[in-house]
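Please read the structure below before turning to the comments.
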Amino acid sequence: LALKLNVLKRGQLAALSIAAVVIIVGVPLWWRTTETYRAWLPVNQINELANLQLQLSADVEVVFARGTVTPEQQKKVPLTQTQDEEHTVDEDTALRYRYETKYRTATIMEEDALNQPTAAEADLSLHTLSESPCGSLVVYVIPESSTLLPEDVDVYIGQRRTALLRIGAQMRVGRTLEQLLAHLEPRIKQVLQVMSFSHTDITAALSDRVRLSPGNKESIADSMRAFKSSPGYEITFSLLNPDPKSHRVHWDIEGAVQTYIQPLLTKLAPLANFSIDSQTLYYAMLGVNPRYDSSRSAYTLNSDSLAHVINPVEARLGSNAASSNPVLNFLLYVPDAHHSPLHIHDHKKQEVLSNAFHSPRWGGIMVYNVNGFYGPEAVFPVDININMAKVMGVFLAQLRLLLGVQSSAPPPGFLVAPCSSTGLADWELDRLMWSRTVENVATATTTITSLAQLLDQIGNIVINDNIAQQVSSAVTSLQLAVAELEAGNLGFALQYSKEAILASERAFFDPSLLHLLYFPDDQKFAIYIPLFLPMCVPILLSLLKIVSEARQKRRERQAKKD
Amino acid sequence: IYLFTYFFFLLLYIAFMLFIVFDNAGQFFSSGHTNNWAVLVCTSRFWFNYRHVANTLSVYRSVKRLGIPDSHIVLMLADDMACNHRNPKPATVFSHKNMELNVYGDDVEVDYRGYEVTVENFLRVLTGRLPPSTPRSKRLLSDDRSNILIYLTGHGGNGFLKFQDSEEISNVELADAFEQMWQKRRYNELLFIIDTCQGASMYERFYSPNLMALASSQVGEDSLSHQPDLAIGVHLMDRYTFYLLEFLEDIHPASKTNMNDLFKVCPKSQCVSTPGHRTDLFLRDPGSVLITDFFGSVRKVEITMETINLTDPINPVNGELQIRKYSYVDQLPVSEIIHQKPKQKDWHPPDGFILGLWTLILLVFFKLYGMKHLKHIF
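As given, the protein sequences belong to chains A and B, one line each in that order.
Be aware that the first sequence starts at 1, since it is given in UniProt numbering, and climbs by one per residue.
Be aware that the second sequence starts at 1, since it is given in UniProt numbering, and climbs by one per residue.
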């Protein structure tokens, strides 16, 4: 009997110890080995970023030339004013525009510069005196009698960051300084809308965060036309020669790019990297047949058929790009001898002067007629040298549009200086930098917040250390970018915003973040039951037996006691 | 009375002209997309699934004909039918019986082929999480103004689609992938077409905006194949895709047919199964969506009005171009091959065959000579 008891006790002990091992060692081990590694993410900071409060600061300097302020008014100047404008875009996004306006009188050298005969020369000599930092503006207020500006023009916008503002007639009689400033304020604001950031631009740049209902048609077209902010762009120039038997076309593309395009791209270097290449395609036809217009004795392409030109050509263009950057294609088409000259007509059947058209987010095509270079008795093939200045003038204009340099018409009474040789005025660059910075910040915040949301929702994605590090660096760069925007340092803000967007994109698109672990509950049961059930059933049964035996013994003891 | 009718017709005519003018200007703004992408996936392998490859290639052909270039098409074919050993006409894939139409041709650009077509790669293409070494042609480089067409075909069931006969993608994963695409604004509008059995179950779980979905059959129904070709020996196409293609043949790049006509393709009398569609997540009215918004690639164009006056002469490019002489490496270095020393072969543990042979020998030995020797070994 004792032996039997012993055996029984040994059995009970075995069952208990197995159960103990399973629970104490097995369950934690199973938990740890099936756990996914998730590095720590700064979730609090990310949630803070979800609520975006951007402040854009611009420094404006208003310089009074001689004849615009009276001596009593002059005593109260120099003066600094700060103006805030608040806009709430939606419940998560708010904007504040801060304009710090400094009023002062002109120095003697500036007065000399303003005595130049024309506005353009004045602008040039003013620029030699001082250079305004990125994002700031200088407005020179000139007396009404000044001959710098023509009669109907009140404001002249220069190529750098200066503007000349003609004071109104009502200020001729001496008034107080406050009245003068009140008179100038709306006009300076108008200048700022043109030369610095405007509310429409900034809200368009926030389109990634905020899906606004489309405003007017122009703003939709603008937002669709320009490429989104990207760390780099690839530009390809192609010469299409469908008729090499008649025309032997030469173009000095390297020299032209070096002289005309490269200065613009160097100026845009803070925004993105550009890589340029060029190619020549022979026997490449346009996909549409031009119609012969006998009244103009030329072949015409009307605007409806232009849309179908691009696709057949694009298949032949090829791409040299090894990166995932957007590609801008600029095509120069030299029509064949039988279809020359070829003109493009717009909706109203008028000839287009530039003979070129562009497609949003793709590039531009220009038709270059060469039939004027040779007479009917020429010996084919004819050598033709393309006038690269004319061609690059068109391509440069298209490049500006595609990169987002807005070309909306200035308000009445404004005269904008023509483009410099680089093709981009300083204030245009500033505008681009403002909108790109805001766009980068908006995109990076949405990327980071949606990544955090995604990782939170799907508990099965592994978060490696490098992703956590990228996210942290993106968050830090974002905070710095927002701070620099507040302080008004546009250059630094753009740089930080670029770093933020690179880090956030790298974190979001990391290949290891693929969620292939969708296990519906019934599949989970199907996996675990065959493994654990055969093991657990004997243990459970023996535990139950132990418990029932212990209860029986207690009952017997109770019975014995009674 | 004549005056009255005259004025009435004049008014009608003016209204009609105005409508046309607005329509032309409105085209730019009605769709909101600037480029088109297509992701065409065939998920089944083996020779008897010839029809799925033919389906996908026919849609590829139509999409190319209507203008989408190869650089904007991601074509994934899980098996190679054209060069299959069982193909009596190698290098061809036919989609009509009597071998009328060869959809393979010689300018097909397959981006993912054979075993590269997996659920993982498909999801990676959609979400953009590809390793940095992936070439451009294998990526879906869409932006927030791209309209994407996604076409899936193969064998499916209620809530899943089978890939490569060994794995499956569920409708929840697909819906999550689309949501990730939306979060990153990787599409403007997306058209999802699926031609499998019980295809409607695959779009049940979508929840992202701007998605339109079409399926060839409802839950509980099978999609049937169309015609067998007796010479090739397999079915060449599925019914839904066959009638879809017939419909697409009438579309040219300038046509104005809209989505409501696409929903009517292949009614029950022709298809035996009931095609379904889902448009509740789509913001625009399907009647205003053109077929070419998804299947073709009609570019928006603007006339360039301004030019820049450039007056500087061209600087000659300084420095002579370094003309680098390129030469091919010796393609068949015979001398090196002849005079090669025999390579030191690493020792490998014995192969399965050798192990089995020795096991057999040992067993026979111990059987013959008795088990008592076995005790000494073990």
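For every residue, glycine included, the Cβ atom is placed at its ideal position computed from N, Cα and C.
Query: 6 Å Cβ shell around LEU41/A - same chain, five flanking residues per side excluded; Result: ALA468 and VAL471
Query: Chain A residues whose Cβ lies nearer than 7 Å to that of LEU130/B; Result: PRO511
Query: Interface residues of the segment 178–189 of chain B facing chain A [CB-CB below 8 Å]; Result: GLN180, GLN183, LYS184 and ARG185
Query: Chain-ordered neighbours of LYS228/A on chain B, where CB pairs are closer than 8 Å; Result: ASP143 and ASP144
Query: Simplified DSSP state of SER278/A, which is helix, strand or coil; Result: strand
Query: Residue 389/B at chain A interface by Cβ criterion, 8 Å; Result: Absent from the model: residue 389/B. The displayed extent of chain B is 1 to 378, so no value can be given.
Query: Chain-ordered chain A contacts of VAL298/B [CB-CB under 8 Å]; Result: ALA307 and HIS308
Query: Contact with chain B by ASN460/A, beta-carbon distance below 8 Å; Result: no
Query: Cβ of GLY157/B within 8 Å of any chain A Cβ; Result: no
Query: Validate contact between the segment 229–248 of chain B and the segment 47–55 of chain B using beta carbons, cut 8 Å, 3 pairs; Result: yes
Query: Alpha-carbon spacing of ARG291/A relative to LYS349/A, whole angstroms; Result: 13 Å
Query: Close Cβ partners of LYS138/B (< 6 Å) along its chain, the five nearest in sequence each way excluded; Result: ASP111
Query: Any chain A beta carbon closer than 8 Å to ASP79/B; Result: no
Query: Under 9 Å (Cβ pairs) to chain B, residues found in the segment 359–379 of chain A; Result: SER359, PRO360, ARG361, TRP362, GLY364, ILE365 and MET366
Query: Neighbour-count burial assignment, HIS339/B, 16 or more Cβ in a 10 Å radius; Result: exposed
Query: Beta-carbon proximity of VAL63/B to LEU130/B, cut-off 8 Å; Result: no
Query: Interface residues of chain A facing ASP70/B [CB-CB closer than 7 Å]; Result: ALA315
Query: Sheet register partners of MET76/B (DSSP bridge); Result: VAL41/B and TYR112/B
Query: 7 Å Cβ cut-off: residues of chain B touching ALA526/A; Result: What ALA526/A touches in chain B: nothing, since even the nearest Cβ is about 14 Å away.
Query: Buried/exposed call for LEU262/B, threshold 16 Cβ in 10 Å; Result: buried
Query: Cβ-based contacts, 9 Å cut-off: residues of the segment 117–128 of chain B near chain A; Result: VAL119, GLU120, LEU123, ARG124, THR127 and GLY128
Query: Beta carbon proximity, LEU502/A to chain B, threshold 8 Å; Result: no
Query: Contact the segment 491–511 of chain A vs the segment 521–530 of chain A: 3+ CB pairs below 8 Å; Result: no
Query: Beta strand (DSSP E) segment containing VAL63/B, residue limits; Result: Element bounds for VAL63/B: not the beta strand (DSSP E) but the alpha helix (DSSP H), 50–65.
Query: Closest by C-alpha distance to VAL139/A, when choosing among VAL89/A, VAL257/A and VAL62/A; Result: VAL62/A
Query: Rounded separation between ASP456/A and VAL43/A - CA only; Result: 10 Å
Query: Closest by C-alpha distance to THR447/A, when choosing among GLN406/A, PHE509/A and LEU401/A; Result: PHE509/A
Query: Proximity winner among HIS252/B, PHE46/B and TYR151/B, relative to PHE122/B (alpha-carbon distances); Result: TYR151/B
Query: N-terminal and C-terminal residue of the alpha helix (DSSP H) that ASP201/A is part of; Result: 199–205
Query: Closer than 8 Å at the beta carbon, the chain B residues around LEU429/A; Result: By Cβ distance, chain B contributes nothing, its closest Cβ being about 15 Å from LEU429/A, past 8 Å.
Query: C-alpha gap between ARG225/A and ASN51/A, whole angstroms; Result: 29 Å
Query: Residue range of the alpha helix (DSSP H) that includes ALA507/A; Result: 490–508
Query: Closer than 7 Å at the beta carbon, the chain A residues around GLY67/B; Result: ASN311
Query: Beta-carbon separation (whole angstroms), ILE232/B vs PHE48/B, contact threshold 8 Å; Result: Actually they do not touch by this definition, with Cβ atoms about 11 Å apart.
Query: DSSP three-state assignment for HIS33/B, whether helix, strand or coil; Result: coil
Query: Among ASP59/A, PRO341/A, ASP92/A and LYS75/A, the one whose alpha carbon lies nearest that of GLN81/A; Result: ASP59/A
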